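Top to bottom, those sequences are chains A and B.
Just so you know, we're using numbering that gives the first Met the number 0 here: the first sequence kicks off at 0 and counts up by one.
Just so you know, we're using numbering that gives the first Met the number 0 here: the second sequence kicks off at 0 and counts up by one.
The C-beta atom is built at its ideal place from N, Cα and C for all residues, glycine as well.
Just so it is clear, the structure is predicted and the values come from calculations on it, not from any experiment.
2 protein chains.
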Amino acid sequence: MTTTESPPGQKALNIRNQNISRILEAATEIFARKGYDGTRMAAIAELADLPKANVYYYFGTKEDIYQAVLQRMVGIWEEAISVLDPNKDPFTCLEEYVRVKLNQSRDYPAEARVMLTEMIAGGQHLTPEMNAFLREVAMRQIRVVEAWIDQGRIRPVHPRHFLIALWSATQFYAECDTLAATVLEVDKLRQSDFDTAGDTLAATLLRGLRPDSA
Amino acid sequence: MTTTESPPGQKALNIRNQNISRILEAATEIFARKGYDGTRMAAIAELADLPKANVYYYFGTKEDIYQAVLQRMVGIWEEAISVLDPNKDPFTCLEEYVRVKLNQSRDYPAEARVMLTEMIAGGQHLTPEMNAFLREVAMRQIRVVEAWIDQGRIRPVHPRHFLIALWSATQFYAECDTLAATVLEVDKLRQSDFDTAGDTLAATLLRGLRPDSA
DNA sequence: GTCTATAGGTAGATAGAC
DNA sequence: GTCTATCTACCTATAGAC
């Protein structure tokens with residue numbers, strides 16, 4: 000009704016999407032560094048290079064922005080779950096899984112840190128849907144590992160604890176913005192660091208899974 | 000001058016220490032759940048069951064309390080570093096290391112979460128002394144693993160990445176207050192869960208370190 | 001759609017009686 | 001040492017002009 004011309008409407012939509020992206024990107028960075036309560040709407044607006052009122056125009060509340068950031072990370076994790084397949088070779092799958100998880104830590108470090116901080120804090124902002132989804136993801140992975148054990152393709156380890164070890168190690172590299180400086184003595188993680196991380200996990204965690212030859 | 004009697008002075012000192020302990024304990028819990036900026040001095044006072052002004056009497060600022068909490072965790076970590084000894088058997092040492100770290104996650108979950116959140120956030124509140132100490136701890140552990148490799152007692156893995164895997168997996172169980180519900184499907188971690196965690200890490204990560212028998 | 005000004009509430013910290 | 005009352009500053013969110 001109000002917008003009669005197509006091109007301006009198109010353009011407005013582009014500006015809209017662009018502004019939303021910029022807000023989310025800025026918010027993710029600040030949530031990761033300051034936590035939910037420590038994040039100031041003014042800080043998000045400044046980093047997104049928009050007036051504070053415009054941020055409120057696109058997202059009604061700080062909680063709305065935070066939810067959008069968490070939701071995006073949930074979507075990212077969803078990608079990794081398809082890698083584990085009970086009918087495929089465990090070691091091929093697990094190496095691929097490690098690779099995918101490390102790539103995610105490389106590509107979405109801020110998102111990962113927001114989600115991790117949220118979980119450490121007790122998941123107070125996670126919706127029931129997100130919790131259900133995360134539980135479902137965990138369950139699916141556990142069932143795959145159990146299937147491999149039943150088939151005698153890997154040693155009978157405790158699936159949940161094994162997945163915790165795998166998950167926490169790969170997740171660590173997302174936090175590494177800071178810890179890297181301490182543990183790896185580098186300013187910034189490079190591709191070679193992620194490669195070495197994958198190789199090391201394959202050589203230790205995954206190697207320990209191989210059935211005894213003796 | 001003002002306190003002439005010894006017993007009252009003694010008693011006052013006890014009350015003082017007791018109040019300081021209660022403030023730190025309450026603060027640790029809330030910092031872990033809300034982060035530095037999300038923590039309200041009023042909330043610490045309420046949980047410690049003291050008027051807010053009394054909290055300010057013992058600690059001048061919120062930052063002072065936070066520093067004391069971080070410092071305590073640094074002290075806890077210091078205990079774990081003595082376990083790794085280049086002259087002892089790597090597997091005995093590493094199993095003991097896993098056990099000690101898991102016990103710390105069990106006994107000081109809130110402290111661990113405060114420290115981890117702080118690190119994920121970029122370590123803005125860590126003093127140069129703390130950073131230096133953490134770097135020194137990492138270095139010492141790396142040198143021990145390197146020594147074992149040089150002696151041919153474990154396979155030549157990348158020491159830094161191997162320690163990251165070990166550290167992050169054990170650390171995970173401190174965050175588990177929440178994630179346990181999702182991944183392990185329990186309300187609360189029991190001793191048996193920590194035992195299983197240790198066994199699983201020994202069976203995978205550490206087993207993968209053993210030199211080839213073939 | 002954009003932005004200034006501001007309302008309404010709450011935080012960290014302190015003053016000062018007891 | 002303890003505690004009430006309060007100051008100042010700042011934060012989320014909104015009203016309303018453009």
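Kindly indicate which three-state DSSP category residue i falls into: helix, strand or coil?
i, result
"F171 (chain A)", "helix"
"Y107 (chain A)", "coil"
"A91 (chain A)", "Sequence check: residue 91 (chain A) is Thr here, not Ala. Residue state, collapsed to three classes: helix."
"T184 (chain A)", "Correcting the residue identity first, residue 184 (chain A) is Glu in this sequence and not Thr. Looking at E184 (chain A) - three-state DSSP - the assignment turns out to be coil, as it is neither helix nor strand."
"I141 (chain A)", "helix"
"A120 (chain A)", "coil"
"A44 (chain B)", "helix"
"L12 (chain A)", "helix"
"G37 (chain B)", "helix"
"L178 (chain B)", "helix"
"V54 (chain A)", "helix"
"Q150 (chain A)", "coil"
"T60 (chain B)", "coil"
"S81 (chain A)", "coil"
"P210 (chain A)", "coil"
"H157 (chain B)", "coil"
"N130 (chain A)", "helix"
"N18 (chain A)", "helix"
"R189 (chain B)", "coil"
"L205 (chain A)", "helix"
"N86 (chain A)", "coil"
"L125 (chain B)", "coil"
"L101 (chain B)", "helix"
"L49 (chain B)", "coil"
Contact defined as beta carbons within less than 8 Å: I believe residue i pairs with residue j. What is the distance between those atoms, to the nearest angstrom?
i, j, result
"H160 (chain B)", "T195 (chain A)", "6 Å"
"L69 (chain A)", "E117 (chain A)", "7 Å"
"I119 (chain B)", "R71 (chain A)", "No, I119 (chain B) and R71 (chain A) are not in contact; Cβ-Cβ is about 18 Å, not under 8 Å."
"A168 (chain A)", "A168 (chain B)", "6 Å"
"R98 (chain A)", "G207 (chain A)", "Wrong, their Cβ atoms sit about 18 Å apart, outside the cutoff."
"T126 (chain A)", "H157 (chain B)", "39 Å between Cβ atoms; not a contact."
Once the 5 residues before and after residue i are set aside, which same chain residues still bring their CB inside 7 Å of it?
i, result
"P50 (chain B)", "A44"
"L46 (chain A)", "A25, E28 and I29"
"Q140 (chain A)", "I80, L83 and L162"
"D106 (chain B)", "none"
"Y35 (chain A)", "Y65 and H124"
"I19 (chain B)", "Y57"
Quick check: the Cα distance between residue i and residue j, rounded to an integer number of angstroms?
i, j, result
"A109 (chain A)", "R39 (chain B)", "25 Å"
"F171 (chain A)", "I163 (chain B)", "8 Å"
"I148 (chain B)", "P210 (chain B)", "10 Å"
"E95 (chain A)", "F193 (chain B)", "28 Å"
"A201 (chain B)", "V143 (chain B)", "18 Å"
"W76 (chain A)", "A137 (chain A)", "11 Å"
"R32 (chain A)", "Q150 (chain A)", "45 Å"
"R15 (chain A)", "P85 (chain B)", "60 Å"
"M114 (chain B)", "P155 (chain A)", "34 Å"
"L205 (chain B)", "D63 (chain A)", "44 Å"
"F90 (chain B)", "G37 (chain B)", "42 Å"
"T2 (chain A)", "N13 (chain A)", "With a pLDDT of only 41 at T2 (chain A), under the threshold of 50, the placement of this residue in the model should not be trusted; the figure read from the coordinates follows. Their Cα atoms are separated by approximately 15 Å."
"G122 (chain B)", "R152 (chain A)", "43 Å"
"T203 (chain A)", "L133 (chain A)", "27 Å"
"E4 (chain A)", "T177 (chain A)", "Note that E4 (chain A) has pLDDT 42, beneath the 50 cutoff, so the model's placement of it is unreliable and no number is given."
"L165 (chain B)", "Q103 (chain B)", "14 Å"
"T181 (chain B)", "N130 (chain A)", "8 Å"
"Y56 (chain A)", "V73 (chain A)", "25 Å"
"G59 (chain B)", "E78 (chain B)", "29 Å"
"R21 (chain B)", "D48 (chain B)", "8 Å"
"E135 (chain A)", "Q17 (chain B)", "45 Å"
"V54 (chain A)", "K61 (chain A)", "9 Å"
"E128 (chain A)", "K87 (chain A)", "30 Å"
I'd like the list of long-range same chain contacts for residue i, defined as Cβ closer than 6 Å, with 5 residues on each side in sequence excluded.
i, result
"A179 (chain A)", "V185 and L188"
"A146 (chain A)", "P85"
"L93 (chain A)", "L205"
"A41 (chain B)", "K51"
Could you name the residues of the same chain whose beta carbon sits closer than 8 Å to that of residue i, not counting the 5 residues immediately before and after it, in chain order?
i, result
"L23 (chain A)", "I64, A67, V68 and R71"
"S191 (chain B)", "none"
"L101 (chain B)", "T169, Y172, F193, A196 and G197"
- Item | Contact list for the region 189 to 212 of chain A against chain B, Cβ threshold 8 Å | Listed in sequence order: T195, A196, D198, T199, L200, A202, T203, L204, L205, R206, G207, L208 and S212.
- Item | Contacting positions in the region 33 to 58 of chain B - beta carbon closer than 7 Å to chain A | K33, G34, Y35, D36 and G37
- Query: Going along the region 114 to 126 of chain B in order, which residues come within less than 7 Å of chain A, judged by CB to CB distance?
  - Reply: The region 114 to 126 of chain B vs chain A, Cβ under 7 Å: L115, T116, M118, I119, A120, G121 and G122.
- Please name the residues in the region 61 to 84 of chain B whose beta-carbon is closer than 8 Å to at least one beta-carbon of chain A, in chain order. none
- Message: If the cut-off is 7 Å on Cβ atoms, which residues from the region 99 to 113 of chain B count as contacting chain A, listed in chain order?
- Response: R112
- Which residues, in chain order, does the region 9 to 24 of chain B contribute to contact with chain A at a C-beta distance below 7 Å? Taking 7 Å as the upper bound on Cβ-Cβ separation, chain A lies near no residue of the region 9 to 24 of chain B.
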